[in-house]
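S.K.: Quick mapping for you: the protein sequence lines, in order, are chains A and B. With the first sequence counted from 1, adding 1 to any position gets you my numbering. With the second sequence counted from 1, adding 1 to any position gets you my numbering. A virtual CB, placed ideally from N, CA and C, is assigned to each residue, including glycine.
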Amino acid sequence: MTIKKIFIAASLALSVAAAAYAEEQKAPAAGAAPAMSAPAAQGAPAATAAAPAPNAAASVATPAPATPAPAKKELKTNRTITIGMFLVIIAITMGVVVWAAKQTKTASDFYAAGGGITGTQNGWAIAGDYMSAASFLGISGLISLYGYDGFMYSVGWLVAYITVLLIVAEPCRNAGKYTLGDILSFRTSPKPVRAFAAISTVAVSTFYLTAQMVGAGKLMALLIGIPYKLSIIGVGVLMVGYVVFGGMVATTWVQIIKAGLLMAGAFLLSFLVMIKAGFNPIGFFSTIVGSPEIQDHVSKLVLKDGVILSGMDAGQRFLEPGLYLKNPLDQISLGMALVLGTAGMPHILMRFFTVPTAQAARKSVIIAMFIIGGFYILTTLLGFGAAIHLTPQGITSVDPGGNMATLMLAQQMGADIAPIVGDLFLAFLCAVAFATILAVVSGLVLAASAAIAHDIYVNVIKDGHADQHEQVFAARITSFVVGACGIMIGLAAEKQNVAHLVALAFAVAASGNLPVVILSLFWRKFNTAGVISGLLVGTIASISLVMVSPNMTYPKVVAEGAKKVIVAMEKKQAALPAGQSLSEKDAKALAKAKVDAQQTGTSMVGLEKPLFTLKNPGLISIPLGFMAAILGALAFPSRRSEDMFDEVYVRQNTGLGMAKAVEH
Amino acid sequence: MAERQYDWKAIAKNPKFVELHHKKTAFLFGWWIFSCVYYFLLPIGAAYTPGLFKVKIIGVVNFGYIFALSQFFVSWGIALYYSHVANKDFDRLTRELIDELHL
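Now the structure itself:
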């Protein structure tokens with residue numbers, strides 16, 4: 002028990018030091034908070050799917066959030082109630098951690114909850130692990146501003162689970178133990194394979210974690226006015242606490258609680274929206290088409306593409322594709338990354354080791370699919386409901402990315418009953434967003450630390466010779482360090498654009514991890530060389546394609562766009578009757594464009610313009626990953642790997658020999 | 002724990018296992034490919050057949066909306082069908098195989 006004391010002391014020291022650090026930074030951070038561009042980070046998938054290449058013409062239409070416009074409204078939360086709800090969530094989850102810590106004695110307890118999670122529980126936990134604040138707030142925001150495209154965007158996140166269900170869930174349960182490395186090293190040279198698998202797991206988890214942490218910090222700042230740095234540290238300390246003390250048991254229950262809260266919130270809010278629509282879905286859609294505000298919003302959107310629409314035609318256009326997702330190839334590329342990447346996500350794969358049998362794994366995916374799919378369908382109601390009741394103009398005046406739409410809707414729907422109900426409902430949804438962040442980041446930290454502690458430390462460094470006590474100790478230390486690194490990265494990345502990191506995480510999982518998992522499980526000739534070349538090529542291809550893609554900032558491209566804006570604004574000025582000047586918004590855009598036009602230099606990797614025109618690399622990197630894995634295996638055939646295929650294949654199909662995996 | 006030794010090669014050649022393997026492979030990859038094709042019809046259709054997506058079906062609700070919504074039900078349908086077949090056929094074959102091997 003001395004270890005536990007050391008940990009408690011260390012966590013306390015970390016939080017005190019962190020709080021002191023944050024206190025120091027408070028003044029500037031607090032000043033910067035309201036002006037930040039939370040939309041970009043929080044609506045992570047939203048921004049990653051954005052179609053138009055960075056050109057300043059677009060930034061004229063969507064007012065730049067950099068300077069707080071005078072018309073900018075804020076979402077007013079009742080701080081007392083909101084913080085109260087946050088404290089309730091923290092108290093409940095801490096209770097779970099104390100309870101879970103008592104049961105966490107072996108490595109299997111720590112990484113896989115001793116295989117003692119039921120199918121139903123695991124289904125809720127998968128849903129809780131998967132649905133991030135970006136899906137919760139970002140997708141409904143997209144629907145509220147762009148209608149159909151937001152809905153279409155959400156589909157891929159559910160369809161992805163067909164791959165998980167049919168291809169990976171049961172074989173992984175039968176053939177694996179705690180990590181991706183376990184599955185891949187079965188009939189290959191364990192050390193190099195585990196090392197590469199761990200690197201890829203850590204890379205995927207870090208990309209995803211960074212996006213989540215930065216989003217969390219900005220969201221907390223926006224919701225309850227806690228400074229960015231303090232939010233990151235608060236979320237980080239809780240996340241480290243859950244994982245270090247409670248391991249997989251606590252992480253699972255935090256995810257289950259979060260999924261329950263999220264579904265309850267979404268149901269309640271959709272119910273209120275449907276009451277207003279008289280439970281008539283067709284009438285609901287007619288209201289959208291007939292809304293003068295939505296019509297006006299759409300005609301402005303299509304005007305950018307040189308199309309003139311008004312009245313009911315514009316309203317109808319809101320229910321048709323193409324307002325937001327304008328590059329079909331990018332869409333297909335993102336779709337591939339989702340459909341194949343979800344099944345290669347280490348924190349999702351890891352969930353299948355927590356159930357006792359393949360049947361339970363199957364059941365858990367099916368339950369997760371109903372929760373996730375149901376949630377996205379409710380999201381449609383919330384997004385369209387927000388468009389009707391708050392109007393797109395009202396939503397963008399609070400946040401140009403639309404990320405506050407659901408929360409604003411909750412406040413308004415509640416306030417229509419009684420003002421205090423509005424505050425309570427808003428506070429509840431803020432608390433759900435908070436629980437969402439905690440659940441997702443904890444899962445990621447656990448996956449990354451399992452890869453480092455179990456694959457690298459226990460199996461590569463210690464040759465698999467470590468007793469239970471040492472394994473759990475290593476796992477806890479690693480989780481602590483991984484969590485601390487997550488906090489540092491979150492603090493350092495405040496000003497970075499992290500929106501593309503979610504898509505990058507899925508692309509790496511789809512191009513690096515999934516091909517080697519599938520080939521390991523289903524192809525006799527697959528071997529060590531194949532695993533390593535597949536992981537390396539898939540990962541490197543995804544990362545490098547993103548580095549040369551339009552996701553990066555290209556100063557010369559920005560300057561060129563700015564010059565166009567200047568020309569357009571000057572024309573507008575000339576067209577105005579004498580004596581009148583540009584509106585405040587236009588004048589600001591002009592001033593900003595004049596500054597931007599001076600930009601020169603190259604992107605991070607020294608390019609003047611993107612080499613690769615898609616924001617999502619999957620279309621190219623996934624085939625590359627598969628090809629590299631296949632060619633690598635064919636180039637360096639291995640008799641032993643081929644001979645052992647029967648064992649892997651029988652095991653993954655029948656679950657024979659699995660007792661070893663569970664009890665080991 | 003002393004691990005039980007299995008003759009994996011012999012099991013892999015067992016007719017029951019071969020039957021299980023054939024049925025599973027055909028089912029899993031078949032339905033997986035179907036779901037992928039059905040899903041990618043959505044972004045491809047939205048981009049290249051906008052006319053079709055605009056056709057109103059019920060009131061103002063158009064084909065595109067119904068098609069996107071159908072993705073959810075098709076995914077759930079595949080999941081439930083798989084669960085049904087797996088519980089009925091695959092699990093039964095697996096049990097019979099294990100019984101036959103006297104494990």
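1. Using a Cβ-Cβ cutoff of 8 Å, what residues of the stretch 335–367 of chain A are near chain B? List them in chain order.
2. Flag threonine 655 of chain A as yes if its beta-carbon sits less than 8 Å from any beta-carbon of chain B, otherwise no.
3. Please list the segments of the alpha helix (DSSP H) lying wholly inside the stretch 14–67 of chain B, counting only runs of 4 or more residues, in order along the chain.
4. Give the residues from the stretch 232–258 of chain A that approach chain B closer than 9 Å (Cβ to any Cβ), ordered along the chain.
5. Need the endpoints of the alpha helix (DSSP H) that tyrosine 154 of chain A sits in, please.
6. Do you know how far the Cα of glycine 96 of chain A is from the Cα of serine 186 of chain A?
7. To be precise: take each residue of the stretch 365–385 of chain A, compare its Cβ to all Cβ atoms of chain B, and keep it if any distance is under 9 Å. Which residues remain?
8. Return the residue from the list A:Trp125, A:Val340, A:Ile567 that minimises the CA-CA distance to alanine 161 of chain A.
9. Would serine 300 of chain A and serine 292 of chain A be called neighbours here (beta carbons separated by less than 8 Å)?
10. Just checking: is the beta-carbon of valine 62 of chain B within a distance shorter than 8 Å of some beta-carbon in chain A?
11. Do you know offhand how far glycine 284 of chain A's Cα is from methionine 414 of chain A's?
12. Could you compute how far the alpha carbon of glycine 116 of chain A sits from the alpha carbon of valine 194 of chain A?
13. Given a limit of 7 Å on CB to CB distance, which residues of the stretch 299–333 of chain A reach chain B?
14. Is DSSP giving isoleucine 621 of chain A helix, strand or coil here?
15. Which stretch, first to last residue, makes up the alpha helix (DSSP H) that contains arginine 363 of chain A?
16. So if I threshold CB-CB distances at 8 Å, which residues from the stretch 156–170 of chain A count as touching chain B?
17. What is the DSSP secondary structure of phenylalanine 613 of chain A, reduced to helix, strand or coil?
18. Go through its chain and collect everything with a Cβ distance to serine 190 of chain A's Cβ below 6 Å, but skip five positions before and after it.
19. Does any C-beta atom of chain B lie closer than 8 Å to the C-beta of phenylalanine 187 of chain A?
20. Which first and last residues belong to the alpha helix (DSSP H) in which proline 282 of chain A is found?
21. Isoleucine 58 of chain B versus chain A: which residues are under 7 Å apart at the beta carbon?
22. Identify the continuous alpha helix (DSSP H) that holds alanine 278 of chain A and give its terminal residues.
23. Find the residues of chain B that neighbour phenylalanine 286 of chain A, judging by a C-beta separation of less than 7 Å, and give them in chain order.
24. At a Cβ threshold of 8 Å, is isoleucine 67 of chain B touching chain A?
25. Near valine 483 of chain A, what residues of its chain come up, given a Cβ to Cβ distance below 6 Å and the 5 sequence neighbours on each side ignored?
26. Closest Cβ-Cβ distance between methionine 86 of chain A and chain B: below 8 Å?
27. Using the beta-carbon count (16 or more within 10 Å), is aspartate 130 of chain A buried or exposed?
28. Using the C-alpha atoms, what's the distance from alanine 69 of chain B back to leucine 43 of chain B?
29. For a contact defined as C-beta to C-beta under 9 Å, what are the partners of isoleucine 283 of chain A on chain B?
30. Cα separation between glycine 465 of chain A and alanine 108 of chain A?
31. For isoleucine 421 of chain A, count the other beta carbons within 10 Å of its own beta carbon; 16 or more makes it buried, fewer makes it exposed. Which is it?
32. With a threshold of 7 Å on Cβ separation, who are the neighbours of serine 639 of chain A within its own chain once the five nearest residues in sequence on each side are excluded?
33. So, is the C-beta of aspartate 92 of chain B closer than 8 Å to a C-beta in chain A?
34. Does the beta carbon of leucine 42 of chain B come closer than 8 Å to any beta carbon on chain A?
35. Taking only beta-carbon positions, decide if leucine 147 of chain A is within less than 8 Å of chain B.
36. Which value, in whole angstroms, describes the spacing of the CA atoms of leucine 620 of chain A and threonine 437 of chain A?
M.R.: Taking the coordinates as given:
1. Gly336, Val340, Gln360, Arg363, Lys364, Val366, Ile367
2. yes
3. 16–49, 51–55
4. none
5. 149–164
6. 37 Å
7. Val366, Ile367, Met370, Phe371, Gly374, Gly375, Tyr377, Ile378, Thr381
8. A:Val340
9. no
10. yes
11. 19 Å
12. 25 Å
13. Gln317, Leu320, Glu321, Pro322, Gly323, Pro329, Gln332, Ile333
14. helix
15. 359–391
16. Val156, Gly157, Leu159, Val160, Tyr162, Ile163, Thr164, Leu166, Leu167, Ile168
17. coil
18. Thr529
19. no
20. 282–291
21. Going along chain A, no residue has its Cβ under 7 Å from isoleucine 58 of chain B, so there is no contact; the nearest lies around 10 Å.
22. Alanine 278 of chain A -> no alpha helix (DSSP H), and no H or E assigned at all.
23. Gly60, Val61, Val62
24. no
25. Val446, Ala449, Ser450
26. no
27. buried
28. 7 Å
29. Ile59, Gly60, Val61, Val62
30. 12 Å
31. exposed
32. Asn528, Thr529
33. yes
34. no
35. In the sequence as displayed, the identity of residue 147 of chain A is tyrosine instead of leucine. Tyrosine 147 of chain A does not count as touching chain B.
36. 30 Å
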